[in-house]
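Notes for the one structure printed next.
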Amino acid sequence: MPRPRKPFGAATVWAIDEFTEDNGATVLIPESHQLGQEIVTDRSKVIPAVMPAGSVVFFLGTTWHGGGSNQSAASRLAVTCQYCEPWLRPQENFFLELSQETLAAIPEQLLSMVGYSIHPPFMGMVNGMHPKRTLSRKKSGS
11 MPRPRKPFGA ATVWAIDEFT EDNGATVLIP ESHQLGQEIV TDRSKVIPAV
61 MPAGSVVFFL GTTWHGGGSN QSAASRLAVT CQYCEPWLRP QENFFLELSQ
111 ETLAAIPEQL LSMVGYSIHP PFMGMVNGMH PKRTLSRKKS GS
(Lines of atoms letter the chains of each structure in order from A; the text may use other names.)
(Lines give C-alpha, C1' and ligand atoms only; values in the text may rest on other atoms or scores of the structure.)
Protein backbone atom coordinates (compact mmCIF):
# COMPACT_ATOMS: atom_id res chain seq x y z
CA MET A 11 0.00 0.00 0.00
CA PRO A 12 1.46 3.37 -0.96
CA ARG A 13 2.50 5.74 1.79
CA PRO A 14 1.51 7.99 3.36
CA ARG A 15 -1.58 6.08 4.33
CA LYS A 16 -3.88 5.36 7.22
CA PRO A 17 -2.10 3.01 9.65
CA PHE A 18 -3.40 -0.54 9.71
CA GLY A 19 -2.02 -1.14 13.19
CA ALA A 20 -0.50 0.23 16.35
CA ALA A 21 2.03 -1.08 18.83
CA THR A 22 3.08 -0.78 22.44
CA VAL A 23 6.42 -1.75 23.95
CA TRP A 24 6.34 -2.13 27.73
CA ALA A 25 9.75 -1.85 29.43
CA ILE A 26 10.29 -4.67 31.92
CA ASP A 27 13.88 -3.48 32.35
CA GLU A 28 15.04 0.10 32.01
CA PHE A 29 15.51 1.09 28.35
CA THR A 30 18.76 2.93 27.72
CA GLU A 31 20.74 3.76 24.59
CA ASP A 32 23.43 1.36 25.85
CA ASN A 33 21.09 -1.63 26.29
CA GLY A 34 19.34 -1.28 22.94
CA ALA A 35 16.23 0.78 23.61
CA THR A 36 13.65 0.59 20.81
CA VAL A 37 14.37 3.30 18.25
CA LEU A 38 11.81 5.37 16.36
CA ILE A 39 11.78 8.05 13.69
CA PRO A 40 9.33 10.74 14.82
CA GLU A 41 6.70 11.74 12.26
CA SER A 42 7.81 8.95 9.90
CA HIS A 43 4.19 7.78 9.79
CA GLN A 44 3.59 10.80 7.53
CA LEU A 45 6.32 9.93 5.01
CA GLY A 46 5.71 8.76 1.48
CA GLN A 47 7.72 6.05 -0.27
CA GLU A 48 11.12 7.60 0.52
CA ILE A 49 13.58 5.56 2.56
CA VAL A 50 15.09 7.25 5.60
CA THR A 51 18.87 6.85 5.71
CA ASP A 52 19.68 9.81 7.97
CA ARG A 53 20.48 8.16 11.33
CA SER A 54 20.36 11.56 13.06
CA LYS A 55 16.53 11.36 12.80
CA VAL A 56 16.45 8.17 14.91
CA ILE A 57 15.64 8.57 18.60
CA PRO A 58 15.82 5.86 21.27
CA ALA A 59 12.79 5.28 23.50
CA VAL A 60 14.79 5.74 26.70
CA MET A 61 12.47 5.01 29.62
CA PRO A 62 12.43 3.54 33.12
CA ALA A 63 11.18 0.02 33.79
CA GLY A 64 7.38 -0.06 33.85
CA SER A 65 7.02 2.58 31.13
CA VAL A 66 5.41 2.08 27.74
CA VAL A 67 5.93 3.57 24.30
CA PHE A 68 2.98 3.62 21.87
CA PHE A 69 3.29 4.21 18.14
CA LEU A 70 1.38 3.74 14.91
CA GLY A 71 2.32 0.77 12.75
CA THR A 72 3.39 3.12 9.97
CA THR A 73 6.07 4.65 12.20
CA TRP A 74 9.60 3.55 11.29
CA HIS A 75 10.93 1.70 14.34
CA GLY A 76 13.24 -1.11 15.37
CA GLY A 77 15.32 -2.59 18.12
CA GLY A 78 18.37 -0.68 19.19
CA SER A 79 21.78 -2.29 19.41
CA ASN A 80 22.41 -3.73 22.87
CA GLN A 81 25.99 -2.76 23.74
CA SER A 82 25.64 -3.77 27.40
CA ALA A 83 26.49 -7.08 29.02
CA ALA A 84 22.88 -7.60 30.17
CA SER A 85 19.65 -8.41 28.40
CA ARG A 86 16.85 -5.87 28.01
CA LEU A 87 13.41 -7.34 28.57
CA ALA A 88 10.17 -5.96 27.21
CA VAL A 89 6.64 -7.03 26.38
CA THR A 90 5.08 -5.88 23.14
CA CYS A 91 1.42 -5.85 22.30
CA GLN A 92 0.56 -5.08 18.72
CA TYR A 93 -2.77 -4.63 17.02
CA CYS A 94 -3.43 -4.79 13.32
CA GLU A 95 -6.62 -4.80 11.30
CA PRO A 96 -8.01 -8.34 11.53
CA TRP A 97 -8.11 -8.79 7.76
CA LEU A 98 -4.29 -8.46 7.65
CA ARG A 99 -3.87 -11.75 9.48
CA PRO A 100 -1.67 -10.88 12.46
CA GLN A 101 1.49 -12.71 13.47
CA GLU A 102 -0.57 -14.97 15.71
CA ASN A 103 -2.70 -17.47 13.82
CA PHE A 104 -5.88 -17.47 15.88
CA PHE A 105 -7.48 -19.98 13.49
CA LEU A 106 -5.05 -22.54 14.88
CA GLU A 107 -4.63 -21.18 18.40
CA LEU A 108 -8.20 -20.64 19.61
CA SER A 109 -10.51 -23.58 20.16
CA GLN A 110 -14.11 -23.65 18.93
CA GLU A 111 -15.19 -23.52 22.59
CA THR A 112 -13.18 -20.33 23.21
CA LEU A 113 -14.46 -18.75 20.00
CA ALA A 114 -18.04 -19.56 20.95
CA ALA A 115 -17.58 -17.79 24.29
CA ILE A 116 -16.09 -14.48 23.14
CA PRO A 117 -18.11 -11.42 22.08
CA GLU A 118 -18.65 -10.56 18.40
CA GLN A 119 -16.36 -7.50 18.55
CA LEU A 120 -13.46 -9.55 19.92
CA LEU A 121 -14.18 -12.27 17.38
CA SER A 122 -13.71 -9.67 14.65
CA MET A 123 -10.50 -8.40 16.27
CA VAL A 124 -8.88 -11.85 16.23
CA GLY A 125 -9.44 -12.20 12.50
CA TYR A 126 -12.95 -13.51 11.99
CA SER A 127 -13.81 -10.65 9.66
CA ILE A 128 -12.98 -9.48 6.15
CA HIS A 129 -12.02 -6.28 4.43
CA PRO A 130 -14.37 -5.98 1.47
CA PRO A 131 -14.49 -7.27 -1.06
CA PHE A 132 -12.40 -10.35 -0.17
CA MET A 133 -9.26 -9.73 1.97
CA GLY A 134 -9.23 -12.17 4.86
CA MET A 135 -11.26 -14.90 3.20
CA VAL A 136 -10.60 -18.53 4.16
CA ASN A 137 -10.94 -20.99 1.29
CA GLY A 138 -12.96 -18.39 -0.61
CA MET A 139 -15.43 -17.85 2.24
CA HIS A 140 -15.92 -15.44 5.12
CA PRO A 141 -13.81 -16.73 8.05
CA LYS A 142 -16.86 -16.92 10.32
CA ARG A 143 -18.00 -19.86 8.20
CA THR A 144 -15.19 -21.87 9.80
CA LEU A 145 -16.86 -21.52 13.21
CA SER A 146 -19.28 -23.97 14.72
CA ARG A 147 -22.88 -23.51 13.57
CA LYS A 148 -23.87 -22.19 16.99
CA LYS A 149 -21.54 -19.13 16.80
CA SER A 150 -21.68 -18.41 13.07
CA GLY A 151 -25.47 -18.44 12.98
CA SER A 152 -25.47 -20.61 9.83
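Numbering-wise, our numbering comes out as the position in the sequence shown, counting from 1, plus 10.
Ideal Cβ positions, reconstructed from N, Cα and C, are used throughout, including at glycine.
### Query
Do T72 and the ligand MN come close, with the Cβ less than 7 angstroms from some heavy atom?
You won't find the ligand MN in this model; it holds no ligand whatsoever.
### Task
Alpha carbon to alpha carbon, how far is T144 from V136? Give it in angstroms, no decimals.
Distance from the CA atom of V136 to the CA atom of T144, rounded to whole angstroms, is 8 angstroms.
### Task
Have a look at Q119, E28, M11 and flag the residue whose alpha-carbon is nearest the alpha-carbon of A88.
Residue E28 holds the alpha-carbon nearest to the alpha-carbon of A88 among Q119, E28, M11.
### Task
Assign M10 to one of three DSSP states: helix, strand, or coil.
The structure shown does not extend to residue 10, since the chain spans only 11 to 152, so no value can be given for it.
### Query
By a C-beta neighbour count over all protein chains shown, 10 Å radius and 16 as the cutoff for buried, is E95 buried or exposed?
Buried is the call here.
### Message
Quick test of the definition: if touching needs 3 or more C-beta pairs under 8 angstroms, does the segment 76-83 touch the segment 43-50?
### Response
With the cut-off at 8 angstroms, the segment 76-83 and the segment 43-50 do not touch.
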